[in-house]
Amino acid sequence: MDMPSPDTRILSRKSRIVERLAAALPKAAVIHDDAEVRAYECDALTAYRCPPLAVVLPSSTQEVAIALQICHAEGVPVVPRGSGTSLAGGALPTADSVILGVSRMNRVLETDYDNRFIRVQTGRTNLSVTGAVEQDDFFYAPDPSSQLACAIAGNIAMNSGGAHCLKYGVTTNNLLGVTMVTMAGEILEIGGAHMDAGGYDLLGVICGSEGQLGVVTEATLRILPKPEGARPVLMGFDANEVAGACVSDIIKAGVLPVAIEFMDRPCIEATEAFAKAGYPMCEALLIVEVEGSPAEIDEQLALIKQIAQTHNPVALREAQSEDEAKRIWLGRKSAFGAMGQINDYMCLDGTIPVSSLPYVLRRIGEMSKEYGLGVANVFHAGDGNMHPLILFDANKPGDLELCEAFGADILKLCVEVGGCLTGEHGVGIEKRDLMSVQFAPEDLEAQMRVKDVFDPDWLLNPAKVFPLATSQSRRQRDFAA
Amino acid sequence: MLSPATEAELSEIVAGATGPLRVMGGGTRAIGQAVLGEAVSVAGLRGVALYEPGALTIVARAGTPLAEIEAVLAAEGQRLPFEPMDHRVLLGTTGAPTIGGVVAANVSGPRRIQAGAARDSLIGLRFVDGRGTVIKNGGRVMKNVTGYDLVKLMAGSWGTLGILSEVAFKVLPAPAAAACLVITGLSDARAVAAMAAALGSPFEVNGAAHLPDAGQTLLRIEGFATSVAYRAEQLAKLLAPYGVVKVITDAAQVAALWRDLRDVKAFAGRVGDVWRVSIKPSDAPAMAARIGGEVMFDLGGGLIWALVPVGTDLRAQLGDFKGHATLIRADAATRARIATFQPEAPALAAIAAALRAQFDPRGILNPGLMTS
């Protein structure tokens, strides 16, 4: 994955840029020491690292605006950062960029149960949003697996999902308003506690724009009353095709489970060895969870089990207690950790039409043999969002490149069957150069025109999302400081 | 009227246009100032391109009648989640609403409070921009963050950024049963409080309306039969402090009641202008008092439908408030005089204008419709 070479004119002006930032902001908000900026050299895509020119950690929207005004005037690229948990390299710096981190802005600004929203500063972590309202039986629905660490800022930038979006939608469906600072340092208020914003749906296009249109500093989020209860059922099948057909039949029957998770044999074996959740050894395993009162859950699960029976499951186990429910989820939740125990891995995030599941899994298996790299599949089956984990050895020369090539082939396959490159992680640098597989040049041009409106100089997170060659002419305009 | 039969023909028409174009679907949702320009109808782009009930997704050409989509879904026990309003009732228009028109106007109904608006279920689209270029965004899968979400940008852009040629939706199972709880005689403030209590409960209320003139506050639940019965009972208990709760369980009756609410039938055929005011639900009682005319509350109070004397500039009368007011029905003279949409803050208006210039540099698509 190439990154553009740093602009030497910016590098040579480092001291001046840092001085201007330090003069305008509190002392503790600006980090420029070579050793200290190293903490910001990568996000969760750790294969790629580059220390930034400097790091700014503002404490208010006003300070964000000041920092951006200075960077704008100096023509310095800015890489916004939430908690740095992006698996796609969304917060990867370049040597000539300033990291603008919102991690110190983590306060709850307003909680309103009558109108069912919470307003927070975006450095707040996803889980702590729910944490702020759960004592009153409310929750914030999007639940990416990194929710303990990931920030709302990053959730908005990537339009994050989670295991429960089949029922509750993703970030964009739960976002009511934002305060956003443009690259020029202008503060915009978009949407709010009322349900529909007037005019064009700017909120909709900002969510998922990977920090390229502005820096979101505050967000109004929809909160929901907690369901009375939830209970999972676990089912094992002797073929991926059968599990796929079962998912489709459950959905067609009119049940809307809150989550349908799928694991294949390599994943079951690895997690079982690691977490000992008591999973049956089989080709494919589904965890289906429904919500409601105990009687409502009984009714839905009875229907689901009845459908599963028609597919001759090799195992069918309903949680009879809280403890059993936890054990059913244990393996799934430790799947990534389990894979990490045995190997380095790369986690993909393509989405496919659910009907293509058997074909795609078979092709991935064939490609796995061709590349000589193992793959374990764990994913959100209800919405077709796959997370193939490709196993490789980071210490073996050439293995990362081989793994990336394999990953690219899997993502191309997702697009070929009518799906997409990324369901919830974002494009970042990771899938940037594959965008032309999914989009025609005019499709990408239309998207880049939106960035032209918000950030005409292409200073915000510039080397992400679009293939470098495609965005080159826009990024390489001359900025005389 | 230009009536392309294919997306390619639509593209040629726009590319070759020498003057303004008036974009049409079924022509049932004509609001705002009359657009001067040659009419282009997408009604010829018709048909369901793909429907996979097991994947909860449907893709259709923009000119497909909404009724056709709904029938195709109903045959598999599914539906569009957002309950699109039929504007023919309120506006007195005729014709067949199209799915493209639903998207262009981001139409929704009472279920919006739980299931979101059209834009929330929309997962992909194709459109022809003001240059005549065909552009696609999103796709046919419900989880997709690949590139910018122009799907949302196009929803509710009223044909001013491009002409839709194809749209894709996430759909949901249609429920087996429904019930409506009715409380009578509540003041606006008590009604909004009751609706907030219901919407803040775990019983999945997906409709919350208050009709001051009829003296009724209505709450809807849908789902499996036993589940609906259970929730209705629980909700009735929860709402007991607000008054006697009557429960309607006849499915046809519940459906008809909410269809009329969705279509604002109470204001159909009556003298007066109709406004749609979007606000924070708890602001509704005070806002209703400021409006003064006859009102209906939907979305727990988050939406007020107001019937006001002909020619009233409600926005001027309301002054500064958080939210927005849209003029939905008025005579031509009033529509020419009063802006249809709430004027935006200058910074946002500048972004909107810049977006229009990017997608329609010649300014030929429904010119003035969103800016009058």
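First to last, the sequence lines map onto chains A and B.
The first sequence begins at 54 in my numbering and counts up one residue at a time.
The second sequence begins at 159 in my numbering and counts up one residue at a time.
Ideal Cβ positions, reconstructed from N, Cα and C, are used throughout, including at glycine.
All figures in this text were calculated on a predicted structure; none of them were measured in a lab.
Member of the options whose CA lies at the smallest distance from the CA of residue i
i, options, result
"B:R493", "B:A446, B:V468 and B:A413", "B:V468"
"B:P162", "B:G259, B:S323, B:A192 and B:I189", "B:S323"
"B:A262", "B:T318, B:P211 and B:T222", "B:T318"
"B:F517", "A:I63, A:R177, A:P515 and A:V506", "A:V506"
"B:V217", "B:A225, B:P223, B:V206 and B:L231", "B:V206"
"B:A531", "B:A220, B:N364 and B:G343", "Past the boundaries of the shown model lies residue 531 of chain B; chain B is included only from 159 to 530, so the question cannot be answered."
"B:I379", "B:H368, B:L393, B:L369 and B:G373", "B:L393"
"A:G230", "A:I276, A:V108 and A:C218", "A:I276"
"B:I257", "B:D418, B:V325 and B:A233", "B:V325"
"A:A148", "A:I119, A:I63 and A:P450", "A:I63"
"A:A246", "A:L162, A:C203, A:I463 and A:T324", "A:L162"
"A:L474", "B:P178, B:R277, B:V299 and B:L214", "B:V299"
"A:I395", "A:L444, A:A97, A:C218 and A:A522", "A:L444"
"A:L309", "B:A512, B:G235, B:G174 and B:A444", "B:G235"
"A:A522", "A:M501, A:L513 and A:P509", "A:M501"
Inter-residue Cα distance where the pair is residue i and residue j
i, j, result
"B:N302", "A:T270", "24 Å"
"B:A254", "B:L376", "29 Å"
"A:I259", "B:K395", "42 Å"
"B:A497", "B:L168", "30 Å"
"A:D249", "B:V435", "10 Å"
"A:M488", "A:A368", "40 Å"
"B:A490", "B:G427", "16 Å"
"B:E241", "A:E281", "26 Å"
"A:K517", "A:K465", "19 Å"
"A:L121", "A:S113", "12 Å"
"A:G331", "A:E377", "10 Å"
"B:G202", "B:G221", "6 Å"
"A:S58", "A:Y398", "28 Å"
"A:A210", "B:A424", "42 Å"
"A:G252", "A:L426", "50 Å"
"A:V131", "B:I271", "37 Å"
"B:V193", "B:P525", "7 Å"
"A:D40", "B:L311", "Residue 40 of chain A lies beyond the stretch modelled for chain A, which goes from 54 to 534, so this question has no answer here."
"A:T235", "B:G282", "27 Å"
"A:E242", "A:T232", "5 Å"
"A:R73", "A:A126", "11 Å"
"A:L266", "A:K305", "39 Å"
"A:S524", "B:A447", "53 Å"
"A:A107", "A:D96", "16 Å"
Nearest-angstrom beta carbon gap, residue j and residue i [assumed within contact, 8 Å]
i, j, result
"B:V329", "B:L238", "6 Å"
"B:A197", "B:M159", "4 Å"
"A:A540", "A:V480", "Look at the range of chain A in this structure, 54 to 534, and you will see that residue 540 of chain A is not part of it."
"A:L256", "A:G244", "5 Å"
"B:V260", "B:L224", "6 Å"
Continuous alpha helix (DSSP H) stretch holding residue i: start and end
i, result
"B:T106", "Limits of chain B in this structure are 159 at one end and 530 at the other, which puts residue 106 of chain B out of reach."
"A:V490", "M488 to Q491"
"A:C467", "D452 to E469"
"A:T320", "As written in the sequence, residue 320 of chain A is Cys, which differs from the Thr given in the question. Here the alpha helix (DSSP H) through A:C320 covers R318 to A328."
"A:N208", "I205 to M211"
"A:S68", "K67 to A77"
"A:S181", "N179 to V186"
Closer than 7 Å at the beta carbon, the chain D residues around residue i
i, result
"A:F492", "Of the chains in the structure shown, none is chain D; the protein chains are A and B."
First and last residue of the uninterrupted beta strand (DSSP E) at residue i
i, result
"B:V435", "D431 to I437"
"B:L339", "A335 to T342"
"A:C218", "From DSSP, A:C218 is part of no beta strand (DSSP E) but of the alpha helix (DSSP H) over C218 to Y221."
"A:D351", "Premise fails: A:D351 lies in the alpha helix (DSSP H), P347 to Q362, not in any beta strand (DSSP E)."
"B:Q392", "Where B:Q392 is concerned, there is no enclosing beta strand (DSSP E), although the alpha helix (DSSP H) it sits in stretches over A383 to L396."
"A:S260", "Here residue 260 of chain A is Cys; the residue named in the question, Ser, does not match the sequence. Unbroken run through A:C260: none, as it is neither H nor E."
"A:G230", "L228 to V234"
"B:R180", "L179 to M182"
"A:T270", "V268 to R275"
"B:H482", "G481 to R487"
Residue i CB to nearest heavy atom of the ligand FAD below 6 Å
i, result
"B:G365", "You won't find the ligand FAD in this model; it holds no ligand whatsoever."
Determine which residues of the segment 478-498 of chain B have a Cβ less than 9 Å from any Cβ of chain A, and write them out in chain order. K480, G481, H482, A483 and T484
To be precise: take each residue of the segment 444-471 of chain A, compare its Cβ to all Cβ atoms of chain B, and keep it if any distance is under 7 Å. Which residues remain? G471
Just by C-beta distance, which residues in the segment 300-332 of chain B are closer than 8 Å to chain A? Listed by position, the residues of the segment 300-332 of chain B near chain A (Cβ gap below 8 Å) are M300, K301, N302, V303, T304, G305, Y306, D307, L308, V309, K310, L311, A313, G314, S315, L319, L330, P331 and A332.
Between the segment 273-302 of chain B and chain A, which residues of the former have a C-beta closer than 8 Å to a C-beta of the latter? G274, A275, R277, D278, D287, T291, V292, I293, K294, N295, G297, R298, V299, M300, K301 and N302
Proximal residues, the segment 328-357 of chain A versus chain B, C-beta separation under 8 Å: Per Cβ criterion, the list reads G345, S346, A348, E349, E352 and Q353.
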